[in-house]
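Chemist: Have a look at this one.
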């Protein structure tokens, strides 16, 4: 799978018009001389046919070497290692917050009446549809500029994390809550609900101990996808809140056609995605023992 | 013009004086923020840059504006410019040129060391010039500026002799630029990777640490006592240091300034400037960049703009003024020159750029673009009147992109099909390499009118497939070439000015470019920050004399 990801990325970057040599040598206002361009093309092997460049890249990756950044001239592995933690912290915190929000919303809406459910559905739908850049701008305008409670750009303090995490978490919570609410309502109509009630279980207890378990399963499975969603959202969020991280690294590398960095970041994100999928699989088994039983049968 | 720059600062000064007077009259004890007296030592300034984070802090490598912005805090040049555009001493105290203009002697200060202890001497200047000219350095801007410098000879410890291949009237102007600043030879000798992380200079601050995508920490150089001849005070900077942050999003940058998280922001956008002016609590620095103005170049190397009538028709049809008024909130002034208004030799001719739709239509009829389709787009021999216009989203701010859309709409009335194509930087370069454009806007920052040679001399049309070319109008006129070459080696200031005026008349009169406004360069800072000024060289702010008031 990683090979497929690397191949797709390599050709996608090269499909877009643009000359990495020009970008390597500067940007706005810097005009590279012909000699310098030729030099750079030779240095980085950009004058070789695409197929040769592709094979060279595969050879490098196979030996575990992500290569050096065109623009920063430093090893891609170091670059990613320095940025990975920031993005993972952001994404995982957002995932946790999204879960908390979604569970809270689902528990409340399933206990509320018809009107409550309609309101919850509205909130979920709106939240899920909010674009990150818009939400970020509104959060900054409200909590930084107007109220002055939170810093508008990331800083070393935990307070700097609040707005970026909320920006990522709210739309995701909308998705998760939608899914969980439907599943919980299904579960509450199942015969086991009636028998639990007969055993003397309270309505809240049923939702917490039984229905939630049902409802959580698809949402947990969705969390693998959610991590991918959150990391792609990090591109926008890290840029707006000026937070260092993989998202900004990827954006900048794409603009510069810094091919080794683009491929490196995409591979690492793919790895995280794979790891997360394995993890959600394990969590699903813990929640629903039937999965393991079915496999044994 | 220099006079215009002074006028720009006048209202501010008048405001400061007036408010000081008013306050003095009412409440004698109160202090106006603009006039709160004595500099304060200490404190760390937080700077928020909206420019792309440099990939190397050594401005010799590559050489773009973001590098110049930060390098000006820790590197210094041989000479500088004062507010009237005169060359003044900096690391060099005096300079003389031989009669043939081929040999220049620069006398250096004999009491200056780089912050690593390496002495500043003629050998150091020689090493820097060689570093800039070495292809391995991958210099572009600084390299081009030294195009006519063959070598540097060490005459004595304090005298460096530049040997030129041809007289260069732009040499001093070029040497004022941060891209040609002087670095410690020992620092250069560490190799590119290390030198990129923390170049070593003689400036008021020292690079302490660079956390990629987050910030660069600069600390005060306690031994600092150089500075250009027009510096406000002697000795080390007042500030303990600078935290140089990168906040790419314009709204976040402004929010951070309002929240007091940062003290100064660059790349303040028109809407932000408008808000700030209304709030009245922030201070603006308007420092247009030198070199070329922002202008739309019309590609005269291929149809349809190889016909001067079609170029003039486009310029007559495009309504620029209304767009600027509506989109820039009065923060940008219309330009009628291809040079920046801060260039003393800028020549301006407003009469050439009057909008006149009837005239545009008449010119296009005369040029044979007589057929029109259902949308009103003209064509000639079945070929539609298409203007491909690649727009660099990295270089054109949102207001400018909207302005292009207005130009697109007004040009359509005359029958032009302007196809705006927003591209990122690499894609944009790609469109230029392959000549897939009829119109394009590209900034170019350089000190002095020699930028005209880079932008409009036919030598700057490098043949495809591989090369970049700065002459995006693809202007190929032997008479203009001769004028620009002569001006570049003319040592008499009056004769040089006359030559550049003639050259600009040819460029403007041939309708090769549609000037828009100066390269916008607005800073906003908190009133706490005082003593900051934009360098008269490339308009980057310097904090050598700045302090944070309590």
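Protein chains in written order, with the numbering used here: chain A, 1 to 297; chain B, 298 to 847. We put the beta carbon where it would ideally sit given N, CA and C, even for glycine.
1. Can you name the start and end residues of the beta strand (DSSP E) that residue 512 of chain B belongs to?
2. DSSP on residue 504 of chain B, reduced to helix/strand/coil?
3. Quick one: what's residue 825 of chain B bridged to in DSSP?
4. The beta strand (DSSP E) spanning residue 448 of chain B covers which residue range?
5. Nearest-angstrom Cα distance between residue 675 of chain B and residue 529 of chain B?
6. Using a Cβ cut-off of 8 Å, pull out every chain A residue sitting near residue 799 of chain B, in sequence order please.
7. Can you tell me where the alpha helix (DSSP H) holding residue 377 of chain B begins and where it ends?
8. Is it a yes or a no for the stretch 201-215 of chain A touching the stretch 519-536 of chain B, going by three-plus beta-carbon pairs under 8 Å?
9. Kindly list, in the order they appear in chain B, the residues whose Cβ is closer than 7 Å to that of residue 153 of chain A.
10. So, do the stretch 114-124 of chain A and the stretch 254-273 of chain A have three or more beta carbon pairs nearer to each other than 8 Å?
11. Rounded to whole angstroms, what is the Cα-Cα separation between residue 263 of chain A and residue 253 of chain A?
12. Exposed or buried, what is residue 244 of chain A when buried is set at 16 or more other beta-carbons lying within 10 Å of its beta-carbon?
13. Taking only beta-carbon atoms, is residue 721 of chain B less than 8 Å away from chain A?
14. When burial is assigned at 16 or more other CB atoms within 10 Å of the CB, is residue 844 of chain B buried or exposed?
15. Name the residues in the stretch 344-355 of chain B whose C-beta lies less than 7 Å from a C-beta of chain A; which are they?
16. Take residue 88 of chain A and list the residues in its own chain whose beta-carbon comes closer than 8 Å to its own, dropping the five residues that flank it on each side.
17. Return yes when at least one heavy atom of the ligand SAH lies under 7 Å from the C-beta of residue 717 of chain B, else no.
18. Going by DSSP in three states, residue 631 of chain B sits in which element: helix, strand or coil?
19. Alpha carbon to alpha carbon, what distance is there between residue 135 of chain A and residue 171 of chain A?
20. With a cut-off of 8 Å, does the C-beta of residue 241 of chain A fall near any C-beta of chain B?
21. Find the nearest neighbour of residue 783 of chain B within the set B:747, B:377, B:475, B:812, judged by alpha-carbon distance.
22. For the stretch 475-492 of chain B, enumerate the residues whose C-beta is nearer than 9 Å to any C-beta of chain A, in chain order.
23. Suppose you measure from the CA of residue 611 of chain B to the CA of residue 767 of chain B; what does that come to, to the nearest Å?
24. Taking the alpha-carbon positions, what's the residue 232 of chain A to residue 249 of chain A distance?
25. Which same chain residues end up closer than 8 Å to residue 400 of chain B when comparing Cβ atoms and leaving out the 5 residues on each side of it in sequence?
26. With H, G and I counted as helix, E and B as strand and the rest as coil, what does DSSP make of residue 159 of chain A?
27. If we ignore side chains and look at the alpha-carbon of each, how far apart do residue 723 of chain B and residue 742 of chain B end up?
28. How would you write the range of the alpha helix (DSSP H) that residue 460 of chain B sits in, first residue to last?
29. How about residue 837 of chain B and residue 421 of chain B: do their beta carbons lie closer than 8 Å?
30. Count the other C-beta atoms from every protein chain shown that fall within 10 angstroms of the C-beta of residue 618 of chain B, then say buried if there are 16 or more, exposed otherwise.
31. Pull the bridge partners of residue 68 of chain A from the DSSP assignment, please.
32. According to DSSP, is residue 199 of chain A part of a helix, a strand, or is it coil?
33. Which residues bound the beta strand (DSSP E) around residue 144 of chain A?
34. At a CB-CB cut-off below 7 Å, which residues of chain B make contact with residue 72 of chain A?
Modeler: Concretely, from the data shown:
1. Looking up residue 512 of chain B in the second chain gives position 215. Counting along the chain, residue 512 of chain B sits inside the beta strand (DSSP E) bounded by residues 512-517.
2. Residue numbering aside, residue 504 of chain B sits at position 207 when the second chain is read from its first letter. In the structure shown, residue 504 of chain B sits in a strand (DSSP, three-state: E or B).
3. Along the second chain, one-based indexing puts residue 825 of chain B at 528. DSSP output for residue 825 of chain B lists no bridge partner at all.
4. Locating residue 448 of chain B in the second chain gives position 151, counting from the first residue. Note, residue 448 of chain B: beta strand (DSSP E), 446-451.
5. Counting from 1 along the second chain, the entry for residue 675 of chain B is found at position 378. Counting from 1 along the second chain, the entry for residue 529 of chain B is found at position 232. Straight-line measurement puts the Cα of residue 529 of chain B at about 59 Å from the Cα of residue 675 of chain B.
6. Indexing the second chain from 1 puts residue 799 of chain B at position 502. Within 8 Å Cβ-Cβ: nothing; residue 799 of chain B doesn't reach chain A, min ~25 Å.
7. Translated into positions along the second chain, residue 377 of chain B becomes position 80. Not the alpha helix (DSSP H): residue 377 of chain B falls in the beta strand (DSSP E), residues 376-378.
8. No contact exists between the stretch 201-215 of chain A and the stretch 519-536 of chain B.
9. To locate residue 153 of chain A, count along the first chain from 1; it is residue 153. Per Cβ cutoff of 7 Å: 544, 549, 553, 558.
10. Remark: fewer than three beta-carbon pairs, one from each stretch, lie closer than 8 Å, so the stretch 114-124 of chain A and the stretch 254-273 of chain A are not flagged as touching.
11. Numbered from 1 along the first chain, position 263 holds the residue referred to as residue 263 of chain A. Numbered from 1 along the first chain, position 253 holds the residue referred to as residue 253 of chain A. Distance between the alpha carbons of residue 263 of chain A and residue 253 of chain A: 10 Å.
12. Locating residue 244 of chain A in the first chain gives position 244, where the first residue counts as 1. Within a 10 Å sphere around the beta-carbon of residue 244 of chain A sit 16 or more other beta-carbons, which makes this residue buried.
13. In the second chain, residue 721 of chain B corresponds to position 424, counting from 1. Residue 721 of chain B counts as touching chain A.
14. In the second chain, the residue the question calls residue 844 of chain B occupies position 547. Residue 844 of chain B is buried by the Cβ-count criterion.
15. Residues passing the 7 Å Cβ filter: 349, 352.
16. By 1-based counting over the first chain, the position of residue 88 of chain A is 88. So the list reads 272, once near-sequence residues are dropped.
17. Among the components of this structure there are no ligands whatsoever, and the ligand SAH is therefore not found.
18. Residue numbering aside, residue 631 of chain B sits at position 334 when the second chain is read from its first letter. Residue 631 of chain B: strand per DSSP, three-state reduction.
19. As a first step, residue 171 of chain A is located in the first chain; it is residue number 171 there, counting from the start. As a first step, residue 135 of chain A is located in the first chain; it is residue number 135 there, counting from the start. Cα-Cα distance, rounded: 9 Å.
20. The count along the first chain starts at 1 and reaches residue 241 of chain A at position 241. For residue 241 of chain A, the answer is yes, since a Cβ of chain B falls inside 8 Å of its Cβ.
21. Reading the second chain from its first residue, position 486 is the one you call residue 783 of chain B. It is B:747.
22. Closer than 9 Å at the C-beta level to chain A, one finds these residues of the stretch 475-492 of chain B: 476, 489, 490.
23. As a first step, residue 611 of chain B must be located in the second chain, where it is residue number 314. As a first step, residue 767 of chain B must be located in the second chain, where it is residue number 470. Taking the straight line from one Cα to the other gives about 22 Å.
24. Stepping through the first chain from its first residue, residue 232 of chain A is reached at position 232. Stepping through the first chain from its first residue, residue 249 of chain A is reached at position 249. Their Cα atoms are separated by approximately 12 Å.
25. Taking the second chain and counting its residues from 1, one reaches residue 400 of chain B at position 103. Result list for residue 400 of chain B: 394, 458, 459, 460, 461, in chain order.
26. Locating residue 159 of chain A in the first chain gives position 159, counting from the first residue. Assignment of residue 159 of chain A by DSSP, reduced to helix, strand and coil, places it in the helix class.
27. In the second chain, counting from the first residue as 1, residue 723 of chain B sits at position 426. In the second chain, counting from the first residue as 1, residue 742 of chain B sits at position 445. Rounded to the nearest angstrom, the two C-alpha atoms are 19 Å apart.
28. Taking the second chain and counting its residues from 1, the one referred to as residue 460 of chain B is at position 163. Per DSSP, residue 460 of chain B lies in no alpha helix (DSSP H); the unbroken beta strand (DSSP E) holding it starts and ends at 456-461.
29. By one-based count along the second chain, residue 837 of chain B stands at place 540. By one-based count along the second chain, residue 421 of chain B stands at place 124. Against a cut-off of 8 Å, the Cβ pair of residue 421 of chain B and residue 837 of chain B comes out as no contact.
30. The residue given as residue 618 of chain B occupies position 321 in the second chain. It counts as exposed.
31. Walking along the first chain from the start, residue 68 of chain A turns up at place 68. A:75, per the DSSP bridge assignment.
32. As a position in the first chain, residue 199 of chain A is number 199, starting the count at 1. Three-state result, residue 199 of chain A: coil.
33. Counting from 1 along the first chain, the entry for residue 144 of chain A is found at position 144. Counting along the chain, residue 144 of chain A falls outside any beta strand (DSSP E), and DSSP gives it neither H nor E.
34. Walking along the first chain from the start, residue 72 of chain A turns up at place 72. Those within 7 Å of residue 72 of chain A in chain B are 352.
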